[in-house]
Amino acid sequence: VSRHGPKGNVRVLERLLSAIGLEDPACFVDRCAAVESWPALLRLAEHHGVLAVLERAVRRSQYEPPAEAGLVLRRRAAVQRLVQSNLVAVSDEVLAALDRAGIPAVALKGPVLGERIHGDPALRVAFDLDVMVAFDQVPASLAALGSLGYQAAAADVSVLGASSGHHIVLRRDDSPPVELHYRLSSNFGVSIPSEGPLARSLAYRTRAGVVCRVLAPEDELVYLATHAAAHLFARLAWLLDVKLLLDLQPAPDWRVAWARAEEQQVGRAFAFAITRIASRMDICPLAGSLPPRFHRPRPGAAALLAASDRSSSSLSSTFFGRCFRTALCDSPIIAAADLPRRTAGVVRRRLGLD
Amino acid sequence: MRPKLGEESAMGATLPRRRGRGLLVESLADETIVYDTTRHKAHCLSRLATLIWSRCDGQTTMAAMVEVLRGELGVPADETLVRSALGQLERLHLLEPAPAGATRAEAPLSRRDLARVLARYGIAATLVATIVSPTTAAAASCVKAGKACMRKGVVIGTCCPKLSCSRVRGNRVLCQ
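Protein chains in written order, with my numbering: chain B, 1 to 354; chain C, 1 to 176.
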């Protein structure tokens, strides 16, 4: 794509994605015209889960990529939409079952987010469904999803509520798995209980008419940004989620979002993530909203992230990734508790004790 | 003599029929993309294959399909061409299985033989191409024990029943 190597390739794709939805469509067309290799760009877009989004943007802009690349783009985008439409159907089925059982359930990420930010649930790539319920609703949720044929492993149920866990995985033959969250997340040394975000969540009706809940804008902003950071920003689709979420109404209130992040003890991770995402996706509204205490990021975090990305050895990549997450913990006490716990988890799994 | 796939019996029982379940379809300008949700495979049907497949309704005869191809594509189609296409569609599980007692018109052609048949009719394009993509691979039924389900924090597949994506190996997580 770019004569500047792999990093340059990603940057070309980032610039295309950041131009999606801009008021000046000529900007997107100009950036398309600057692409040096469409085949390489399409492989990258597919890897980052943004191929169908890119295809729609190209189609709407009426830009004509080289004929062969245009054909590949249309075909592969259609495949992605079809694969995801299967997930959309299962998502509606799962959310409807929980609604019938009277269980308030928040649809995290997945097709519901895709429908809200892209206007089409099949444009957002996901391979499983994330649904959050209150901790005391887990047994009823397991029963409701069990009636659809979804079952959790007995071993997973037995450790339900363990301090480090935040979801239980349910499976059904030939269907995507469902991750039933009883906590919002457990990253950066803290587990965030589901009850607070659930109480603030908003009612939502999917295109298919299924009623569910979605996170309040500020909760969702913090959640998506820290989720991307916890996964080392490995997919541009997650960065695009945040960019497009900021365009939704009601828009997140930045002051509330910062307060929420600090209350959940992920302020430092949120500051790092949102600064990084804003820079890569050309998000302007961030300017001036960063609280002064976060103006100087934790020393070394960016270097650890780069080392994790650059590392050729998988072991050192994992090590640097863990150190990056620890560096973004909100306090040294949390960090001191997190690193040994995470390391012990890795050792246990490597020894097959888990 | 037993009837063959694509031939009309007195009851019309062996006329080919599109698979009704487990297929998701999107039409593009000149081709059709079909995703098999059971086998997690995506196929790209050429216009010719689309014309034949769309008429596999259990009622359209081979002769009628030949007429459609001649009319719509202007190719000198005959039953051999239609039967070759039906053989490939059947091999890819895009048709309902032939009813008990019916036999195949002929064994499905190899890719090379099929290309030769198409070339005889002046058709250069592939009838049906299977598209391999990371999206379909990740959606494939399940990842077996010891295989990677996550790489660098990105989910690349789901573990088979009774396994969990929890065994860390470097920057990969394996099913166990």
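Here a beta-carbon is modelled for each residue, glycine too, at the ideal position from N, C-alpha and C. Source: prediction; values computed, not measured.
Proximity test, Cβ basis, 7 Å: residue i and chain B
{"i": "E96(C)", "result": "no"}
{"i": "C44(C)", "result": "yes"}
{"i": "L28(C)", "result": "yes"}
{"i": "R19(C)", "result": "no"}
{"i": "T32(C)", "result": "no"}
{"i": "C175(C)", "result": "no"}
{"i": "T37(C)", "result": "yes"}
{"i": "L15(C)", "result": "no"}
Residue i - containing alpha helix (DSSP H), residue span
{"i": "R75(B)", "result": "A67 to R100"}
{"i": "V53(B)", "result": "L51 to S61"}
{"i": "I274(B)", "result": "G267 to M281"}
{"i": "P193(B)", "result": "P193(B) -> not in any alpha helix (DSSP H); beta strand (DSSP E) instead, spanning V190 to P193."}
{"i": "Y223(B)", "result": "P217 to A230"}
{"i": "I131(C)", "result": "From DSSP, I131(C) is part of no alpha helix (DSSP H) but of the beta strand (DSSP E) over V128 to I131."}
{"i": "V35(B)", "result": "V35(B) -> no alpha helix (DSSP H), and no H or E assigned at all."}
{"i": "V82(C)", "result": "E79 to R91"}
{"i": "R260(B)", "result": "W254 to E263"}
Straight-line Cα distance separating residue j from residue i
{"i": "S222(B)", "j": "L246(B)", "result": "The question names Ser, but residue 222(B) in the sequence shown is Val. So the alpha carbons of these two residues sit roughly 11 Å apart."}
{"i": "T37(C)", "j": "V83(B)", "result": "8 Å"}
{"i": "A302(B)", "j": "L108(B)", "result": "27 Å"}
{"i": "R260(B)", "j": "L215(B)", "result": "13 Å"}
{"i": "A101(B)", "j": "F135(B)", "result": "16 Å"}
{"i": "A278(B)", "j": "F188(B)", "result": "21 Å"}
{"i": "S18(B)", "j": "R200(B)", "result": "30 Å"}
{"i": "R74(B)", "j": "R293(B)", "result": "47 Å"}
{"i": "V106(B)", "j": "T326(B)", "result": "28 Å"}
{"i": "L290(B)", "j": "A251(B)", "result": "17 Å"}
{"i": "F320(B)", "j": "L239(B)", "result": "21 Å"}
{"i": "R341(B)", "j": "K147(C)", "result": "25 Å"}
{"i": "E55(B)", "j": "A77(B)", "result": "6 Å"}
{"i": "A69(B)", "j": "V53(B)", "result": "15 Å"}
{"i": "R124(B)", "j": "Q80(B)", "result": "9 Å"}
{"i": "L180(B)", "j": "A228(B)", "result": "19 Å"}
{"i": "M1(C)", "j": "L95(C)", "result": "With a pLDDT of only 43 at M1(C), under the threshold of 50, the placement of this residue in the model should not be trusted; the figure read from the coordinates follows. The straight-line gap from Cα to Cα measures roughly 23 Å."}
{"i": "V82(C)", "j": "L44(B)", "result": "39 Å"}
{"i": "L48(C)", "j": "A97(B)", "result": "42 Å"}
{"i": "R178(C)", "j": "G165(B)", "result": "With chain C covering 1 to 176 only, the question about residue 178(C) has no answer from this structure."}
{"i": "G146(B)", "j": "T343(B)", "result": "34 Å"}
{"i": "L174(C)", "j": "L248(B)", "result": "37 Å"}
{"i": "L24(C)", "j": "P299(B)", "result": "50 Å"}
{"i": "A230(B)", "j": "P39(B)", "result": "30 Å"}
{"i": "A63(C)", "j": "D174(B)", "result": "38 Å"}
{"i": "Y35(C)", "j": "A119(C)", "result": "27 Å"}
CB contact check: residue i to chain C, cutoff 7 Å
{"i": "L73(B)", "result": "no"}
{"i": "A52(B)", "result": "no"}
{"i": "A57(B)", "result": "no"}
{"i": "V29(B)", "result": "no"}
{"i": "N187(B)", "result": "no"}
{"i": "L82(B)", "result": "yes"}
{"i": "V79(B)", "result": "yes"}
Where the beta strand (DSSP E) containing residue i begins and where it ends
{"i": "E179(B)", "result": "V178 to H181"}
{"i": "H43(C)", "result": "K41 to L45"}
{"i": "V211(B)", "result": "V211 to V214"}
{"i": "E26(C)", "result": "L23 to S27"}
{"i": "L174(C)", "result": "R172 to C175"}
{"i": "I33(C)", "result": "T32 to D36"}
{"i": "V131(B)", "result": "L129 to M132"}
{"i": "A107(B)", "result": "V106 to L108"}
Listed by chain order, chain A residues near residue i by CB distance under 8 Å
{"i": "N86(B)", "result": "Looking for chain A here will not work: the only protein chains present are B and C."}
*Determine, using beta-carbon pairs with one atom in the stretch 29-36 of chain B and one in the stretch 57-73 of chain B, whether at least three such pairs fall under 8 Å.*
yes
*Quick one: which residues of the stretch 112-131 of chain C get their C-beta closer than 9 Å to a C-beta of chain B? List them in chain order.*
A129 and I131
_Whether or not the stretch 12-26 of chain B and the stretch 74-89 of chain B are in contact is what I'm after, with contact meaning three or more pairs of Cβ atoms, one per stretch, closer than 8 Å; do they touch?_
no
_Count Cβ pairs between the stretch 110-119 of chain B and the stretch 138-153 of chain B that sit closer than 8 Å; are there 3 or more?_
no
*asked:* Can you confirm whether the stretch 182-197 of chain B touches the stretch 322-337 of chain B when touching is taken to mean that 3 or more C-beta pairs between the two stretches lie within less than 8 Å?
replied: yes
*When you check each C-beta in the stretch 165-186 of chain B against every C-beta of chain C, which residues fall closer than 8 Å?*
V169, R171, D173, D174, P176 and P177
*Spell out a yes or no on whether the stretch 52-62 of chain C and the stretch 84-95 of chain C are touching, meaning 3 or more CB-CB pairs, one atom from each, closer than 8 Å.*
yes
*Listed in chain order, which residues of the stretch 62-79 of chain C have Cβ atoms closer than 9 Å to some Cβ of chain B?*
none
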